[in-house]
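Numbering (my numbering), first residue to last: 2 to 61.
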């Protein structure tokens, strides 16, 4: 696969998953920097002007 320009790497498409969900892929560089793993739980919240995705922490 050809290398993309840095501005193009940050552009992502929304993809329909099943009947009621939409998915977006995250750049692998960001996922690695955060230390996230496959099937890890995250929190998705709506914030002014967009969304916030952060690590889910188990609370006892």
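Think of the CB as a built atom: it goes at the ideal place given N, C-alpha and C, for glycine as much as any other residue.
All figures in this text were calculated on a predicted structure; none of them were measured in a lab.
Query raised in the report: In terms of DSSP beta bridges, what is residue 51 paired with?
Result: Partner(s): 48.
Requested in this report: Leaving out five residues on either side along the sequence, give the residues of the same chain with a beta carbon under 8 Å from the beta carbon of residue 43.
Outcome: These residues qualify, in order along the chain: 37, 54, 55, 56, 57.
Query raised in the report: When you compare each of 19, 35, 34, 15 to residue 26 by their alpha carbons, which one comes out closest?
Result: Minimum Cα-Cα distance from residue 26 among the listed residues 19, 35, 34, 15 corresponds to 15.
Query raised in the report: Using DSSP with H/G/I as helix, E/B as strand and the rest coil, what is residue 12?
Result: Residue 12: coil per DSSP, three-state reduction.
Query raised in the report: So residue 47 packs on residue 28, CB below 8 Å; how close in whole Å?
Result: Contact doesn't hold; Cβ gap of about 21 Å is too wide.
Requested in this report: Can you give me the Cβ contacts of residue 23 inside the same chain, cut-off strictly under 8 Å, excluding the 5 residues immediately before and after it?
Outcome: 15, 16, 17
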